[in-house]
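*Asks:*
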Amino acid sequence: MPYETVCGAKLYYETFGVKREGQTPVLLIHGSTQTGYSCWNKIAPELARDYFVIVPDCRGHGRSENPTRSYSFRELAADMAALIRALGFEKAHVVGHSNGGNVAIVMMMEHPDATQTCVAQAGNAWLSDALIERERLIFRPEYIAAHYPEWMKEAVALHEPFHGEGYASLLMDLTREELLREPNYTPQQLARVNLPALFIQGEKDEVNAPSRFAQLMARAAPLSELWIPKNVAHNVHDETMNDWLETARDFFSRRGNAESEALYRFRMAHYPDKRDGEFNVRVDARGKIVGAVLTPQRRQEALSVLNRAAPEDEIQVRIAESTPWAILNRPIEDLRSKPTIHSERISQARLSETARVIERVPGWAKIRLEHDGYIGWVHDNSLFICDASAAAQYLSTCNAVASASLAEAKNERGALTQKIPFGVRARLEGDQLILPDGRRWIVTPSDFLALDKTPPPTPEGIAQTLDLIRRFAGVPYLWGGRSPYGFDCSGLAGVFHAFMGVNIPRDADQQFTSGREVDTPEPGDLLFFGEPDEDGDAHISHVAISLGGGDFIHANGSDWGVSYNSLDPQSPIYRAWLGENYRGARRFV
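For the sequence shown, the positions run 235 to 823 when the working numbering is used.
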């Protein structure tokens, strides 16, 4: 059996998998009264498919000695750091569960030179009144024996064959004393951490969730990530093993070496929003640069971050010069998160809008819309596939904008074929609308404005456009909607601006970030709303169009359609939630 003496104690450990040159091992730290095997026996063999895994019994647990009859997170962390080096490694991916999560946190804080990444599950970097009260009550041998007899039975079986009769009770007493003392770090101390960290906490964890330890630690540590799996309690790795393995492997692959971490930090600094397109690059165990980026420019940025003399890479570029162009060839098309009609509608594409075709599967195409950068799946028969020059040529011939709510389009026999949504740009020749694929529909020219006659983004033009937008009062609310068949809040704001030739970001939070802040809203300005989270930070979730004064028009789920409300508490159309959660106005014109 493998043992290693470190810091004056003989520690037992098991290993899984094979050592791989240049790869950092994974160290799995168990919780109090457990052993390495009892805690990690399902996880270790699975992780060993990809990593060399070290699973010790902590000091005073299982087969490991406890010569001083002590229990301290700092002592255990020092043991683990020494064990890593004794086994011939400089660092490890340190993973801890429960009080082992506390040990992992202490390693991150006190032994960063031995810690490549830190995964702390069900741990706490500081104490709370609720935790102290709970542990003072529960972590007593007599209470555990009375209320959790299986726990006591397991502790006796795991420890007393090696440490003598009564040791399980002693270990519980020692653990309780430490739980009431440590850890005692502050958010300010966590803010100075310069290591990749992942905090995991089950949504239903009765020990940690009430104090929101994981959320608060992730908020404090600037380079950390957070995973709160739904409907899962304390033992996340057991209760949802496959999800746990997927999450851990993904974290290690993205941030498990210095070069991958440098790429991650560059992404978070320059492309933190996934809606801006891919920048997912890492360095794998072979030392190869792999992943995917949106554009050739981003590939060059990734290579520049690594600053290798002669870089060889396997980076996929989603949109290159050879990537096909497409023009939307029908009045409206749902943009979906996956290539199925059962997936989320994330937005809509409209006739004559251009896109790049990133991927194709039978019946579907993954596109990136040129005007707002949104990426999603559409039916492939909604597209006219072409090259860049053809797309530019068609756009240059679009000479009109639909000003009717829904302009009727008929075929050569006079039968109604489609309806063109308000704000769609189109190519008209007399009473004929020319589609990108060359087909012709008959329309009523008065349902359109010549492109050079559309209202400009001036006070007069805004007033004219608002008059047109008012017609949509009563139109149903539709998540992702951008047409009079149904709008969502930011879709209505976007269509309003686009009619005046002003392109704005797609989503409300993006609009809030991009617009120019104004103190006193005027007609046409955008008003933003959002509830504060548990930490007091407001998250923008809704947008409306100001009509001047306190009144506004918006697509909203409360009325399930486009309606009017006011910020004036004396107004009959005032709604308290909107007044209480108003976050400010922005201007794009």
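Cβ atoms here follow ideal geometry from the backbone N, Cα and C, with glycine treated the same way.
Taking the alpha-carbon positions, what's the Thr349 to Met342 distance?
*Replies:* Each residue's alpha carbon lies about 6 angstroms from the other.
*Asks:* Thinking C-alpha only, which one of Ala554, Pro565, Gly398 and Gln698 is nearest Phe618?
*Replies:* Checking every option, the nearest Cα to that of Phe618 belongs to Pro565.
*Asks:* Would you give the residue range spanned by the alpha helix (DSSP H) that Lys209 belongs to?
*Replies:* Because residue 209 is not part of the residues shown, which for the chain are 235 to 823, the question remains open.
*Asks:* In three-state DSSP terms, what is Leu408?
*Replies:* Looking at Leu408 - three-state DSSP - the assignment turns out to be helix.
*Asks:* Ignoring anything shorter than 3 residues or poking outside the stretch 780-805, list the beta strand (DSSP E) runs there in chain order.
*Replies:* For the stretch 780-805, whole beta strand (DSSP E) runs of length 3 or above, ordered along the chain, are 785-790 and 795-800.
*Asks:* Can the beta-carbon of Ser362 be found less than 9 angstroms from the beta-carbon of Phe447?
*Replies:* Yes, Cβ-Cβ distance for Ser362 and Phe447 is below 9 angstroms.
*Asks:* Run through DSSP, which three-state label would Ala622 get?
*Replies:* Reduced to three states, the DSSP call for Ala622 is helix.
*Asks:* In whole angstroms, what is the alpha-carbon distance linking Val736 and Glu546?
*Replies:* Distance between the alpha carbons of Val736 and Glu546: 42 angstroms.
*Asks:* Please state if the CB of Val551 and the CB of Val517 are separated by a distance shorter than 9 angstroms.
*Replies:* No, the Cβ-Cβ distance between Val517 and Val551 is not below 9 angstroms.
*Asks:* Could you tell me the alpha carbon to alpha carbon distance between Ala772 and Asp743, rounded to whole angstroms?
*Replies:* Roughly 11 angstroms between the two C-alpha positions.
*Asks:* Can you have a look at Lys438 and say buried or exposed, based on whether 16 or more other CB atoms are within 10 angstroms of its CB?
*Replies:* Answer is exposed; the Cβ neighbour count stays below 16.
*Asks:* Using 9 angstroms as the threshold, is the C-beta distance between Tyr246 and Arg303 below it?
*Replies:* In this structure, Arg303 does not lie closer than 9 angstroms to Tyr246 by Cβ.
*Asks:* In chain order, what residues of the same chain have a beta carbon less than 7 angstroms from the beta carbon of Pro766, not counting five sequence neighbours either side?
*Replies:* Same-chain partners within the cutoff: Ala772.
*Asks:* Which residue from Val329, Ala707 and Pro530 puts its Cα closest to that of Ile787?
*Replies:* Considering only alpha carbons, the answer is Ala707.
*Asks:* Please classify Met502 as buried or exposed, where buried requires at least 16 neighbouring CB atoms within 10 angstroms.
*Replies:* Exposed, because fewer than 16 other Cβ atoms sit within 10 Å of the Cβ of Met502.
*Asks:* Within the chosen definition, does the stretch 653-663 reach the stretch 672-689 through at least 3 CB pairs nearer than 8 angstroms?
*Replies:* Taking 8 angstroms as the limit for Cβ pairs, the verdict is that the stretch 672-689 does touch the stretch 653-663.
*Asks:* What separation, rounded to the nearest whole angstrom, lies between the Cα atoms of Asp759 and Ser792?
*Replies:* When rounded, the distance between both Cα atoms is 22 angstroms.
*Asks:* Give every residue of the same chain whose Cβ lies closer than 8 angstroms to the Cβ of Ser403, excluding the five residues on either side of it in the sequence, and list them in chain order.
*Replies:* Correct list, in chain order: Pro375.
*Asks:* Can you round the beta-carbon distance between Val240 and Leu310 to whole angstroms, since I take them to be within the 8 angstroms contact cut?
*Replies:* Going by Cβ atoms, the distance from Val240 to Leu310 rounds to 11 angstroms, so no, they are not a contact pair.
*Asks:* Using 10 angstroms around the beta-carbon of Gly334, count the other beta-carbons present and answer buried if the total reaches 16, otherwise exposed.
*Replies:* With 16 or more Cβ atoms within 10 Å of its Cβ, Gly334 is classed as buried.
*Asks:* What is the residue span of the alpha helix (DSSP H) that Thr747 lies within?
*Replies:* That run of the alpha helix (DSSP H) goes Ala742 to Ser748.
*Asks:* In terms of alpha-carbon separation, which member of Asp291, Gly322 and Met386 lies closest to Gly330?
*Replies:* Ranking the options by Cα distance to Gly330, first place goes to Asp291.
*Asks:* Would you call Tyr305 buried or exposed, if buried means 16 or more other Cβ atoms sit within 10 Å of its Cβ?
*Replies:* Under this definition Tyr305 is a buried residue.
*Asks:* To the nearest angstrom, how far is the alpha carbon of Pro506 from that of Asn514?
*Replies:* Going from the Cα of Pro506 to the Cα of Asn514 covers about 11 angstroms.
*Asks:* Helix, strand or coil: which one does DSSP assign to Gly725?
*Replies:* Correct three-state label for Gly725: helix.
*Asks:* By the DSSP assignment, the beta strand (DSSP E) with Trp461 in it spans what residues?
*Replies:* Unbroken beta strand (DSSP E) run through Trp461: Ser458 to Trp461.
*Asks:* Distance, Cα to Cα, Arg602 vs Pro655?
*Replies:* Going from the Cα of Arg602 to the Cα of Pro655 covers about 21 angstroms.
*Asks:* Closer than 8 angstroms is the cut-off here; do at least three beta carbon pairs connect the stretch 749-759 with the stretch 806-820?
*Replies:* The stretch 749-759 vs the stretch 806-820: in contact.
*Asks:* Ends of the alpha helix (DSSP H) at Trp811?
*Replies:* From DSSP, the alpha helix (DSSP H) with Trp811 extends over Ala810 to Glu814.
*Asks:* Counting along the chain, where does the beta strand (DSSP E) carrying Leu640 start and finish?
*Replies:* First-last of the beta strand (DSSP E) with Leu640: Leu640 to Lys644.
*Asks:* What are the boundary residues of the beta strand (DSSP E) that Ile668 is part of?
*Replies:* Its beta strand (DSSP E) spans residues Gln666 to Ile668.
*Asks:* Tell me the DSSP secondary structure of Glu546 in three-state form.
*Replies:* Coil, per DSSP.
*Asks:* Report yes if the C-beta distance between Pro279 and His327 is below 9 angstroms; otherwise report no.
*Replies:* For Pro279 and His327, no; Cβs fall outside 9 angstroms.
*Asks:* Within a Cβ cutoff of 7 angstroms, which residues of the same chain sit near Gly782, ignoring the five residues on either side of it in sequence?
*Replies:* Cβ neighbours of Gly782 beyond the five flanking positions: Glu756 and Pro757.
*Asks:* Between Leu497, Thr574, Thr557 and Ser556, which lies nearest to Ser538 when the distance is taken from Cα to Cα?
*Replies:* Among Leu497, Thr574, Thr557 and Ser556, the Cα nearest to that of Ser538 belongs to Leu497.
*Asks:* What residue range is occupied by the uninterrupted beta strand (DSSP E) comprising Glu593?
*Replies:* That run of the beta strand (DSSP E) goes Thr588 to Val595.
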